[in-house]
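Here's the structure we're looking at; comments come further down.
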């Protein structure tokens with residue numbers, strides 16, 4: 013996406029707030045204009061004071077000025093407040109709608125999108141990028157209009173006070189901005205180098221920390237430390253340079269400000285003595301010099317802020333514009349009563365349209381059959397499940413359930429037929445009860461407890477201090493991995509699906525829990541067509557049909573005994589892979 | 014936070030002192046400017062004296078130059094100290110972690126240790142530089158401008174009190190309203206992240222249950238709450254700028270009004286009045302800076318805490334400076350009544366473990382997950398420290414060894430084959446930096462890796478990426494084994510190292526090891542019965558206890574647990590055959 017395109021998209025997306033943004037800009041300009049005159053009037057007050065030696069203090073004139081100044085800066089501050097408040101609300105509402113769009117997009121993207129994009133990137137859109145937009149948007153709109161108004165206003169007032177003084181200021185102050193920008197460019201070079209060195213050091217740290225056993229047992233500590241030291245020293249040097257040049261901005265502006273100040277004092281002194289300007293005007297002018305400084309630096313820094321705003325917007329828009337799943341067919345078909353006959357007919361599939369993962373797969377599964385899918389790791393056993401659940405669509409061939417092709421049904425209808433228990437025991441943070449109800453919001457507590465009993469987890473839940481009300485959090489250690497799997501089984505039971513998909517756990521589960529899981533699996537698959545990614549011998553032996561996968565294709569299928577007799581790949585696999593505990 | 018700062022800034026004490034001097038000079042010079050400005054007005058303008066303007070003007074230029082030099086020097090010193098500060102700190106953490114034993118690493122988790130060494134140090138460094146820059150400058154500005162203000166116009170000093178009270182009062186008021194809301198804000202933001210992450214990790218489950226709508230509603234509820242909180246906070250926090258603006262302008266106005274009423278008594282007061290107003294402004298800016306600093310400090314102090322946790326973690330044990338006693342020339346490993354439990358846990362992971370492994374023989378350990386077999390062998394190189402009992406290597410207690418003296422005797426192959434960035438050659442000779450090319454090739458040969466290395470274009474100089482991501486799992490495992498062989502150790506420890514290999518390679522590799530381990534102790538932890546069937550001695554573990562010890566056939570005859578394991582891995586016919594052989 014080109015920068016211009018992003019800017020256009022961004023502007024279009026904030027269009028609904030257009031009125032309020034313009035209103036806020038008007039308020040900002042008003043506030044800046046009202047604030048402009050304070051130094052000038054304060055200077056006039058000084059003149060009144062100075063003249064008081066000759067004519068006596070004119071309290072009426074002074075009182076008048078005081079009132080005007082108070083009215084000016086108070087009203088300027090009030091306008092400023094409303095401007096900031098309006099922009100704050102606009103930003104909050106805008107980011108809220110962005111967040112909503114991102115989450116909705118997540119639910120609409122095809123699963124394949126996430127094969128090529130890391131979760132971290134999407135998460136970063138939701139958090140970091142929105143944060144960047146929130147901070148830069150409310151700040152920049154106000155700052156730019158405030159700064160520009162102040163800059164122009166101050167210049168005009170300065171010129172009306174004294175042209176020679178203005179010339180001095182117009183030379184010195186922008187010079188400082190120019191020098192600071194040059195230095196910043198220089199510092200950038202070292203910052204890049206620092207970032208690169210830091211990356212090298214981080215990977216060294218990571219390597220050493222994650223391989224402690226090898227380092228220790230090979231007495232490698234000294235070499236590792238020497239290696240670390242070298243990069244660490246290099247980092248200290250580059251970071252010192254980067255930080256130094258970056259920190260120069262402050263003293264340099266300081267020098268120029270002071271120089272400008274001194275020059276204005278000397279030149280101004282002369283002009284006052286020669287009665288070309290009044291003392292009050294000089295004082296006011298000094299006040300304006302300091303006001304002239306800030307907007308210049310601010311406008312200069314705006315470009316980088318806008319760049320990061322656009323970069324963040326680009327990432328978000330790219331995400332929001334990614335291709336979505338094909339919509340469901342309009343005249344979709346439904347199965348009234350699911351029997352569970354599944355037919356795979358000459359399925360061909362690839363994840364990336366280049367490397368064919370499944371070449372030509374056909375299978376005929378009768379209602380109520382127990383199908384075991386076996387094969388070495390990485391053989392693509394889950395691909396079959398992905399196609400069956402319509403997480404992916406086959407390149408050619410068809411899958412039918414009870415003679416209805418699944419792509420003629422809605423995705424939701426297909427998925428409702430299946431209950432899924434995956435190895436990755438995903439539970440959301442919330443109460444156990446809510447988690448179990450996830451597949452069937454109408455389920456009563458009774459039904460939930462019944463399901464928990466079937467999946468042998470009821471007693472464990474009851475033993476928790478809060479029972480079914482206990483909350484599960486991301487890193488909850490009150491529940492073991494095995495127990496989590498039992499919960500996902502119970503969740504599937506509550507949904508009461510027509511067919512079951514199971515992914516047996518290979519993770520570390522203690523023997524007792526493993527037996528419980530096994531028993532629950534047996535109960536839930538009874539009488540239902542079920543697909544099992546199998547790791548256990550007992551499951552495989554009891555299967556009605558075994559699909560043997562190798563290199564992403566089904567090389568053999570049949571029952572355990574038939575396949576062993578065939579003495580092919582399955583027999584080989586069985587004799588090596590499955591002789592583990 | 015401050016303790017950590019002081020400790021690590023100490024080595025650079027003279028730079029620090031110089032920094033204080035430079036900053037003081039800079040602040041002093043900057044704050045002297047308004048005084049000369051006053052004398053330009055009083056002696057020059059009001060008196061109509063050109064020379065007085067020049068004199069004061071030149072002094073001002075000199076002061077401005079001096080202040081510039083001070084600012085440059087202090088910037089340089091602050092960054093110098095800051096960079097070295099983090100360098101030293103990072104090195105200390107790294108050294109500390111290198112010497113951790115595994116129970117310490119487990120306690121913190123490797124991921125957290127990495128963050129502490131990288132992100133947290135950066136965070137503290139940023140704050141350190143800021144403190145060096147501002148912490149010194151802001152209070153100095155405060156104090157000196159306050160003194161100067163008093164000196165120029167003591168009659169007006171009450172204005173300062175009013176201005177400070179106004180500034181601090183409004184900051185405190187706003188913060189006390191907003192800070193409690195900030196906590197809620199943070200919680201809601203965390204919840205947004207949580208729900209988003211759940212939607213990503215639960216992609217399939219959510220779709221399988223058709224619960225996209227429920228997730229959207231859940232998210233929208235939090236999103237709504239978050240927005241409400243943001244708007245509330247915004248309404249208050251945006252008050253800050255206008256309020257400060259009013260206070261600053263009000264103060265300036267007050268200075269002139271009060272000054273003017275005093276002016277009638279003394280005409281020379283005109284310059285002082287202007288200078289005073291400058292000082293008050295400077296003073297208030299410094300107060301603002303300080304208040305920002307105090308808001309930022311807590312963030313860095315969280316990082317400082319996390320770093321301190323690592324640095325202050327007690328050393329659980331120390332190595333001897335040199336080995337006490339003379340280890341036997343004949344290698345052996347012996348456990349005598351060893352008990353082990355993790356940090357402070359009451360349940361022992363291993364209890365009363367006793368066995369002896371002799372040179373030229375293979376001792377294998379088998380048992381279900383959680384039986385403690387991996388933990389057991391981790392005790393030999395003191396990765397973990399036995400809670401009680403003795404572990405003898407070559408007849409000497411491991412606690413009496415000097416570290417490198419013990420490690421050079423051990424070739425340890427971990428469960429997960431891990432490689433370092435470098436070349437294949439540097440990885441194989443990792444534990445034996447002086448190994449010749451011939452020795453490296455031999456190690457590759459025995460570990461069954463020579464074949465795939467030869468197929469690579471660069472052969473032994475083939476580049477290995479960080480974490481060994483550019484070779485397959487099986488190749489990684491074989492190179493890990495080569496690394497141990499190349500060391501030519503007295504004791505080989507294989508921690509379930511063969512499971513990533515297929516049966517054929519496993520068998521060939523073990524056959525190749527036979528001749529070179531003739532005089533060594535070989536310890537193997539395994540899952541597969543086939544891997545350990547030929548071992549001279551098999552130790553069967555169950556729930557941290559030795560159930561039985563013997564050969565494959567002996568155990569088949571006597572040991573119930575062993576029989577269960579065999580039964581689960583063999584078909585009924587095979588099991589029956591094995592049993593028949595055992596009983597023959």
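Protein chains in written order, with this note's numbering: chain V, 13 to 593; chain L, 14 to 597.
The C-beta atom is built at its ideal place from N, Cα and C for all residues, glycine as well.
Buried versus exposed, by CB contacts within 10 Å (16 or more), residue 185 (chain V): buried
Separation of residue 49 (chain V) from residue 175 (chain L), as counted between CA atoms: Those two C-alpha atoms are separated by around 24 angstroms.
Residues from the stretch 232–257 of chain L in contact with chain V, defined by Cβ distance under 8 angstroms: Listed by position, the residues of the stretch 232–257 of chain L near chain V (Cβ gap below 8 angstroms) are 232, 233, 236, 237, 239, 240, 243, 244, 247, 248, 251, 252, 254, 255, 256.
Closest residue to residue 297 (chain L) among L:569, L:179, L:556 (Cα-Cα distance): L:179
6 angstroms Cβ shell around residue 328 (chain V) - same chain, five flanking residues per side excluded: 137, 141
Residue-level contact to chain L via CB, residue 284 (chain V), 9 angstroms cutoff: yes
Assigned exposure category for residue 172 (chain V) - 16 Cβ within 10 Å defines buried: exposed
Under 8 angstroms (Cβ pairs) to chain L, residues found in the stretch 260–289 of chain V: The stretch 260–289 of chain V vs chain L, Cβ under 8 angstroms: 260, 262, 263, 266, 267, 270, 271, 273, 274, 277, 278, 281, 282, 284, 285.
Residues near residue 27 (chain L) in its chain [Cβ-Cβ closer than 8 angstroms; skip 5 each side]: none
Cβ neighbour criterion (16 or more within 10 Å) applied to residue 443 (chain L): buried
Proximal residues, the stretch 97–128 of chain L versus chain V, C-beta separation under 8 angstroms: 97, 99, 100, 103, 104, 107, 108, 110, 111, 112, 113, 115, 118, 123, 126, 127
Assumed close pair residue 103 (chain V), residue 146 (chain V) - CB separation to whole angstroms, cut-off 8 angstroms: 6 angstroms
Buried/exposed call for residue 83 (chain V), threshold 16 Cβ in 10 Å: It is exposed - the Cβ of residue 83 (chain V) has fewer than 16 other Cβ atoms within 10 Å.
C-alpha distance - residue 23 (chain L) paired with residue 16 (chain L), whole-angstrom precision: Taking C-alpha positions only, residue 23 (chain L) is separated from residue 16 (chain L) by approximately 11 angstroms.
Within chain V, partners of residue 229 (chain L) - CB distance below 7 angstroms: 115, 116, 119
Validate contact between the stretch 328–342 of chain V and the stretch 175–194 of chain V using beta carbons, cut 8 angstroms, 3 pairs: no
Neighbouring residues, chain L, relative to residue 451 (chain V) (Cβ below 7 angstroms): 222
Three-state secondary structure assigned by DSSP to residue 549 (chain L): Judged by DSSP in its simplified three-state form, residue 549 (chain L) adopts coil rather than helix or strand.
Own chain residues within Cβ distance below 7 angstroms of residue 80 (chain V), not counting five before or after: 53
Chain V residues whose Cβ lies nearer than 8 angstroms to that of residue 201 (chain L): Under the 8 angstroms cutoff, chain V gives no residues; its nearest Cβ is about 11 angstroms from residue 201 (chain L).
Close beta carbons around residue 454 (chain L), own chain, < 8 angstroms, minus the five adjacent residues each side: 463, 473
Burial state of residue 215 (chain L), where buried means 16 or more other Cβ atoms lie within 10 Å: buried
Rounded distance between the beta-carbons of residue 144 (chain V) and residue 324 (chain V), thought under 8 angstroms: 4 angstroms
Residues bridged to residue 514 (chain V) (per DSSP): V:433, V:544.
Anticipated Cβ contact below 8 angstroms, residue 535 (chain L) with residue 503 (chain L), distance rounded: At roughly 11 angstroms, the Cβ-Cβ gap does not stay under 8 angstroms, so residue 535 (chain L) and residue 503 (chain L) are not in contact.
Coarse secondary structure for residue 603 (chain L), derived from DSSP in three states: Only positions 14 to 597 of chain L appear in this structure, which leaves residue 603 (chain L) out of reach.
Cutoff 6 angstroms; reference residue 87 (chain V); Cβ partners in own chain excluding five residues on either side: 46
Where residue 327 (chain L) falls, given that 16 or more other Cβ within 10 Å makes a residue buried: The residue in question, residue 327 (chain L), is exposed, as its Cβ has fewer than 16 Cβ neighbours within 10 Å.
DSSP state of residue 130 (chain L) mapped onto helix, strand, coil: helix
Straight-line gap, residue 365 (chain V) to residue 372 (chain V) (C-alpha atoms, nearest Å): 15 angstroms
Which residues DSSP lists as bridging residue 569 (chain V), in chain order: V:559
DSSP three-state assignment for residue 471 (chain V), whether helix, strand or coil: In this structure, DSSP gives residue 471 (chain V) a helical state, which the three-state scheme calls helix.
Host alpha helix (DSSP H) of residue 276 (chain V) (start-end): 261–285
Start and end residues, alpha helix (DSSP H) containing residue 404 (chain L): Premise fails: residue 404 (chain L) lies in the beta strand (DSSP E), 401–406, not in any alpha helix (DSSP H).
Residue burial classification, residue 343 (chain L) (beta-carbon count within 10 angstroms, cutoff 16): exposed
Cβ shell of residue 592 (chain V) (< 7 angstroms), same chain only, five flanking positions each side left out: Low confidence applies here, because residue 592 (chain V) scores a pLDDT of 39, under 50, leaving its location unreliable; read the following figure in that light. There are no such residues.
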